[in-house]
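Q:
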Amino acid sequence: MKRLLGVALGILTAIGGFVDIGDLVTNAVVGSRFGLSLIWVVVVGVVGICVFANMSGRVAAASGRATFEVIRERLGPRAGLANLSASFLINLMTVTAEIGGIALALQLASSVNYLLWIPLAAVAVWLVIWRVKFSIMENVTGLLGLTLIVFAVALFLLKPDWGNLASQAIPAVPAEETGATYWYFAIALFGAAMTPYEVFFFSSGAVEEGWKIKDLIQSRINVLVGFPLGGLLSVAIAGCAAVVLLPAGISVTSLSQVILPVAEGAGKLGLAVVLLGIVAATFGAALETTLSSGYTLAQFFGWSWGKFRAPAQAARFHLAMIICLLVGLGVLATGVDPVLVTEYSVVFSAVALPLTYLPILIVANDPQYMGQHVNGRGVNVVAMVYLVVILVASLAAIPLMIVTGAGA
Amino acid sequence: MKTPRPLGSVPLAPVPPVAGQTLDAQLHLLDRQVLDSGGVPVTTVDDLELGAPEGEPETPMGTVIPPGTPAPVLTALLTGPVLGTRIFGGRPPSSRLIRIPWTDVASVGVVVQLGVSGQGLDADWVERWVRDKIIARIPGGRRDPR
Amino acid sequence: MILGDLLGTPVHDDDGVRLGRVADARFVVDGAPHRLMADARLLGLVVSPHSWSSFMGYERNSLTQPWPLPQLLRWRHRGSFFVMWEDIAVLGDRSVRLRRGYTAYSPALDGSGQE
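Protein chains in written order, with this note's numbering: chain A, 3 to 410; chain B, 9 to 154; chain C, 188 to 302.
(1) Leaving aside the five residues before and after C:Ser299 along the sequence, list all residues of the same chain whose C-beta is less than 6 Å from its C-beta, in chain order.
(2) Using alpha carbons as the reference points, say which of A:Met372, A:Ala410 and A:Val390 lies closest to B:Gly117.
(3) Let me know if B:Asp32 comes out buried or exposed under the rule of 16 or more other beta-carbons within 10 Å of its beta-carbon.
(4) For A:Gly78, which residues in chain B fall below 7 Å Cβ to Cβ?
(5) So for C:Leu223, helix, strand or coil by DSSP?
(6) According to DSSP, C:Phe268 sits in a beta bridge with which residue or residues?
(7) A:Leu262: beta carbon under 7 Å from a heavy atom of the ligand COA?
(8) If A:Val31 and A:Ser253 are in contact, beta carbons under 8 Å, what's the gap, nearest whole angstrom?
(9) Determine, using beta carbons only, whether A:Leu321 comes closer than 8 Å to chain B.
(10) For the segment 308–375 of chain A, list the alpha helix (DSSP H) runs that are entirely contained and at least 4 residues long, ordered along the chain.
(11) Short of 8 Å in beta carbon distance, which residues of its chain neighbour C:Met188, apart from the five on each side in sequence? Order them along the chain.
(12) Verify whether the separation of the beta carbon atoms of A:Ile352 and A:Ile189 is less than 8 Å.
(13) Under three-state DSSP, which class holds A:Ser396?
(14) Starting from the C-beta of A:Cys2, find all residues in its chain whose C-beta is less than 8 Å away, skip the five residues before and the five after it, and write them out in chain order.
(15) Rounded C-beta distance between A:Ala288 and A:Val97? I'm assuming under 8 Å.
(16) Specify, as a first and last residue, the run of the beta strand (DSSP E) that C:Ala210 falls within.
(17) Listing by chain order, which chain B residues have their CB less than 7 Å from the CB of C:Val283?
(18) At least one CB of chain A closer than 8 Å to the CB of B:Glu57: is that the case?
(19) Give me the DSSP bridge partner(s) of B:Ala33.
(20) List, in chain order, every chain C residue whose beta-carbon is nearer than 9 Å to that of A:Ala385.
(21) Just the C-alpha distance for B:Asp44 and B:Gly88, rounded to the nearest angstrom, thanks.
(22) Might you give, ordered along the chain, the residues of its own chain that have their beta carbon closer than 6 Å to the beta carbon of A:Phe350, omitting 5 neighbours on each side?
(23) Taking CB distances under 8 Å as the criterion, tell me whether B:Leu85 reaches chain A.
(24) Which residues share a DSSP beta bridge with B:Arg107?
(25) Assign A:Arg35 to buried or exposed, taking buried as 16 or more other Cβ atoms, counted over all protein chains shown, within 10 Å of its Cβ.
(26) Tell me which residues of the segment 357–369 of chain A have at least one Cβ-Cβ distance to chain C shorter than 9 Å, keeping chain order.
(27) Out of B:Asp132, B:Gln121, B:Asp152 and B:Val26, which one is the CA nearest neighbour of B:Gly46?
(28) Against B:Asp130, what residues of chain A qualify as contacts under a CB-to-CB distance less than 9 Å, listed in chain order?
(29) For my contact list, A:Met344 and A:Ala99 are in at a C-beta cut-off of 8 Å; report their separation, rounded to the angstrom.
(30) Which residues in the same chain have their Cβ closer than 7 Å to the Cβ of C:Arg247, if we skip the five residues on either side of it in sequence?
(31) Do you know whose CA, among A:Tyr388, A:Leu342 and A:Pro313, lies nearest B:Lys141's CA?
(32) Output yes if chain A places a C-beta closer than 8 Å to the C-beta of C:Trp262; else output no.
(33) Which residues of chain C have a Cβ atom closer than 9 Å to the Cβ of B:Pro65, listed in chain order?
(34) Rounded C-beta distance between A:Val49 and A:Ser236? I'm assuming under 8 Å.
(35) Taking only runs that begin and end inside the segment 126–161 of chain A, name each unbroken alpha helix (DSSP H) of 4 or more residues, in chain order.
(36) What do you get for A:Ile219, buried or exposed, if any count of 16 or more other CB atoms within 10 angstroms of its CB means buried?
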């Protein structure tokens with residue numbers, strides 16, 4: 003019974019923890035401009051993150067090594083540093099975006115300007131990282147994030163023409179958009195679903211919680227059930243936008259537009275629930291990205307790290323995270339639009355993907371690390387196909403960003 | 009000048025067998041995580057220092073090595089500024105190298121395990137400084153989260 | 188001597204013909220015993236004619252997955268060989284020179300080391 007509860011809890015937190023500000027904004031933007039014609043990208047992205055999150059978890063359980071230790075060891079100091087710089091900067095952008103997201107959601111809930119919420123949000127994030135036990139942190143934010151299911155509920159309450167909606171789900175460039183913007187947003191959605199911080203966090207979390215090989219079955223269930231269901235939430239967000247905003251000619255540029263369909267479909271109660279969900283999801287993701295910044299730095303340089311240690315036993319790790327939060331605060335204090343930061347961060351994520359996923363794949367095949375738990379042939383074929391897709395997306399991202407003026 | 013014919017076409021003889029564990033520097037040592045005797049991360053292996061075995065004269069550099077000269081041995085794992093020079097080129101002065109003597113190494117596997125505590129090592133001074141001057145002074149800094 | 192300085196150094200034979208660069212250094216833990224581990228003695232150098240960025244070491248093991256990476260990287264390192272310390276004549280800053288009549292061994296690891 004206890005085991006079953008553990009599995010259920012794991013799945014629920016995986017669903018609730020799947021969506022972050024990147025998924026919220028990108029899916030709503032895409033839904034409001036392209037309808038469901040890009041939904042296939044979410045499917046591709048979810049399958050990809052399942053494959054690689056699983057692999058990084060297996061590497062961590064079999065060898066006790068988290069992803070960035072593996073990256074440094076396999077790529078060497080030069081390519082490793084290039085990867086660190088890219089991953090760290092994107093992480094920092096994402097931390098900034100998530101904290102901005104918390105503040106924006108609180109502004110919508112309270113009518114108090116979001117700039118006043120930002121310091122509060124950052125301090126709250128730091129306090130949780132400083133004091134709260136890893137598993138409690140994961141479970142509470144994950145369960146609260148589940149309230150985002152209200153997007154799916156709202157979609158039903160909106161009583162859309164399901165046949166019409168389904169016919170939108172065929173990949174096609176809408177008449178008012180160009181092929182370049184279509185592919186630009188395809189890459190953004192892909193980057194949002196496969197953000198590298200998720201594997202950094204996932205593998206480091208496996209070390210934090212001391213996973214062994216026998217725990218892998220549970221982690222596999224969490225990933226293989228939780229992430230696709232989380233992906234369904236993403237689809238519901240896009241679906242809401244496609245039903246309400248697309249016909250109205252509103253293309254999403256702010257968080258208030260993201261939740262507009264929920265207010266229309268599920269009323270005031272729905273609005274309250276969705277705001278709680280967004281605060282929980284962005285707060286959870288702010289924790290994960292801040293920790294990931296610390297994880298990547300500490301693992302590259304070989305510092306002591308982990309929330310399972312007292313902060314004094316992982317001093318540089320904690321100092322690095324404090325600095326990251328301060329930098330994020332500084333960026334937000336300039337008044338830059340957090341939604342815009344989000345839109346850029348998901349595209350840059352796509353650029354950095356190959357450097358993260360290649361070393362994981364290589365080490366997952368190395369018996370020195372994995373013993374008998376090396377990748378099976380099927381996993382390797384799928385992973386190699388994904389690496390090619392990731393590489394193409396990564397190379398195309400910046401040119402498309404320039405050509406389309408960042409999707410404008 | 010022309011490279012000699014690729015040797016791959018003729019299978020090369022295997023290296024004569026040796027008794028101890030073989031370690032290829034790039035594959036098994038460089039960039040690996042170093043843990044102290046308590047399993048706490050100390051640093052990574054940023055570079056390695058070689059020297060003549062104890063009691064032997066310095067290995068000649070730049071001149072012909074007399075046949076029969078004993079092979080150099082690993083004297084220390086290096087860390088600190090040497091990482092920067094390994095990435096960007098150049099070489100830090102010998103006095104700035106932070107050494108972990110080979111005699112402190114207990115085993116080499118997926119990680120390099122030391123047989124001593126990290127507390128006394130030069131390689132750990134930045135960590136101790138950040139801890140004592142900053143982190144331990146923030147309330148709750150020494151509280152075990154478990 | 189710092190190993191980082193040695194890696195990437197061009198390798199020449201006794202006639203001055205360039206053979207490649209130092210791709211790696213192999214040590215064997217069979218030297219003078221100490222409290223914890225014995226001395227790790229330099230057994231020799233891996234020389235690679237095309238690329239000295241050792242990277243994955245696929246030329247020294249028999250891994251084949253994930254296809255096609257090992258095959259590609261192994262091809263990058265085709266012609267790699269191993270020379271024993273006894274066959275090294277000069278260790279210089281700019282060049283490593285081998286003794287006349289040196290023996291080129293296979294760089295393969297026999298599996299008794301790490302695995």
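All C-beta atoms in this analysis are idealised placements derived from N, C-alpha and C, irrespective of residue type, glycine included. Please read all numbers here as calculations on a predicted model, not as lab measurements.
A: Let me spell this out:
(1) As a working note, residue 299 of chain C is residue 112 in the third sequence. The predicted model places C:Ser299 with a pLDDT of 42, which falls under 50 and marks its position as unreliable, so this point remains unresolved.
(2) Counting from 1 along the second sequence, the entry for residue 117 of chain B is found at position 109. Here the closest residue by C-alpha is A:Met372.
(3) Within the second sequence, numbered from 1, the residue matching residue 32 of chain B stands at position 24. B:Asp32 should be labelled buried.
(4) The residue you call residue 78 of chain A lines up with position 76 of the first sequence. Per Cβ cutoff of 7 Å: Asp39.
(5) Translated into positions along the third sequence, residue 223 of chain C becomes position 36. Coil, per DSSP.
(6) To locate residue 268 of chain C, count along the third sequence from 1; it is residue 81. Bridge partners of C:Phe268: C:Val234.
(7) As far as ligands go, the structure on display features none, and thus does not contain the ligand COA.
(8) Here residue 31 of chain A is taken as the residue at index 29 of the first sequence, counted from 1. Here residue 253 of chain A is taken as the residue at index 251 of the first sequence, counted from 1. At roughly 7 Å, the Cβ-Cβ gap stays under 8 Å, so A:Val31 and A:Ser253 are in contact.
(9) By 1-based counting over the first sequence, the position of residue 321 of chain A is 319. Interface residue, yes.
(10) 317–335, 340–365 and 369–372
(11) For this step, residue 188 of chain C is matched to residue 1 along the third sequence. So the list reads Leu278, once near-sequence residues are dropped.
(12) Mapped onto the first sequence, residue 352 of chain A falls at position 350. Mapped onto the first sequence, residue 189 of chain A falls at position 187. Correcting the residue type first, residue 352 of chain A is Ala in the shown sequence and not Ile. A contact, by the Cβ cut-off of 8 Å.
(13) Your numbering for residue 396 of chain A matches position 394 in the first sequence. It is helical.
(14) Absent from the structure is residue 2 of chain A, since the part of chain A shown begins at 3 and ends at 410.
(15) Mapped onto the first sequence, residue 288 of chain A falls at position 286. Mapped onto the first sequence, residue 97 of chain A falls at position 95. Correct: roughly 6 Å between the Cβ atoms.
(16) Sequence index remark: in the third sequence, residue 210 of chain C carries index 23 (1-based). Segment Arg205 to Val216, the beta strand (DSSP E) holding C:Ala210.
(17) Here the question's residue 283 of chain C lines up with position 96 in the third sequence. Going along chain B, no residue has its Cβ under 7 Å from C:Val283, so there is no contact; the nearest lies around 11 Å.
(18) Taking the first residue of the second sequence as position 1, residue 57 of chain B is located at position 49. B:Glu57 does not count as touching chain A.
(19) The residue labelled residue 33 of chain B in the question sits at position 25 within the second sequence. Answer is none; B:Ala33 lacks a bridge partner.
(20) Translated into the one-based positions of the first sequence, residue 385 of chain A becomes position 383. Neighbours of A:Ala385 on chain C, chain order: Pro253.
(21) Stepping through the second sequence from its first residue, residue 44 of chain B is reached at position 36. Stepping through the second sequence from its first residue, residue 88 of chain B is reached at position 80. Taking the straight line joining both Cα atoms gives about 17 Å.
(22) Walking along the first sequence from the start, residue 350 of chain A turns up at place 348. Ile92.
(23) Walking along the second sequence from the start, residue 85 of chain B turns up at place 77. For B:Leu85, the answer is no, since every Cβ of chain A falls outside 8 Å of its Cβ.
(24) Here residue 107 of chain B refers to the residue found at position 99 of the second sequence. DSSP, once it has assigned bridges, lists B:Leu86 as partnering B:Arg107.
(25) Counted from its first residue, the first sequence places residue 35 of chain A at position 33. Classification for A:Arg35: buried.
(26) Leu360, Leu363, Ile364, Ala366, Asn367, Asp368 and Pro369
(27) The count along the second sequence starts at 1 and reaches residue 46 of chain B at position 38. Out of B:Asp132, B:Gln121, B:Asp152 and B:Val26, B:Gln121 has the C-alpha closest to the C-alpha of B:Gly46.
(28) Taking the second sequence and counting its residues from 1, one reaches residue 130 of chain B at position 122. The premise fails here: B:Asp130 is roughly 14 Å from chain A at the closest Cβ pair, so nothing lies under 9 Å.
(29) Reading the first sequence from its first residue, position 342 is the one you call residue 344 of chain A. Reading the first sequence from its first residue, position 97 is the one you call residue 99 of chain A. According to the sequence as given, residue 344 of chain A is Thr; it is not Met. Yes, A:Thr344 and A:Ala99 are in contact; Cβ-Cβ is about 4 Å, under 8 Å.
(30) The residue given as residue 247 of chain C occupies position 60 in the third sequence. Contacts found: Pro294, Ala295 and Leu296.
(31) On the second sequence, position 133 is the one that residue 141 of chain B refers to. When only C-alpha atoms are compared, the closest one is A:Pro313.
(32) The count along the third sequence starts at 1 and reaches residue 262 of chain C at position 75. So, not an interface residue.
(33) Along the second sequence, one-based indexing puts residue 65 of chain B at 57. None at all; the shortest Cβ gap to chain C is about 14 Å.
(34) Numbered from its first residue, the first sequence carries residue 49 of chain A at position 47. Numbered from its first residue, the first sequence carries residue 236 of chain A at position 234. 13 Å between Cβ atoms; not a contact.
(35) 136–147 and 152–159
(36) Looking up residue 219 of chain A in the first sequence gives position 217. By the neighbour-count rule (16 or more Cβ atoms within 10 Å), A:Ile219 is not buried but exposed.
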